[in-house]
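So the number in our numbering is just where the residue sits in the sequence shown, counting from 1, plus 3.
First comes the structure, then the notes that go with it.
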Amino acid sequence: MMVDKPKGIYHGMRIELKFGSNPLSTEQKKYLKQLTEDGYYCVLAVGWMEAVDAIMAYWHLQPGEALPVRERDLKWAA
């Protein structure tokens, strides 16, 4: 999922939406890592409710603000 609206310190938002125990592929990890390095806020959301919560947090960012890195989103940082 994509939110192509700059908010806070980010150029936009990308959400990798998963259901159940479907793990990230190597390609998905590389893509999310690159987008994060390029200034996008990237989230791994399990289920639609988590995705909605992430979108709402992102949408309410003020200029210069950042969102905390969630433990789940460190899967592609290494």
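Backbone N, C-alpha and C fix where the C-beta goes; we use that ideal spot for every residue, glycine too.
Predicted model only: the values in this text are computed from it and were never measured.
Here the alpha carbon of H63 sits roughly 19 Å from the alpha carbon of T39. According to DSSP, residue pairing for V55 in a beta bridge does not occur. Remark: three or more beta-carbon pairs, one from each stretch, lie closer than 8 Å, so the region 5-24 and the region 43-54 are flagged as touching. Here R75 is not bridged, per DSSP, to any residue.
In the three-state DSSP reduction, A80 falls in the coil class, being neither helix nor strand. With a threshold of 16 other beta carbon atoms within 10 Å, M16 meets it and is buried.
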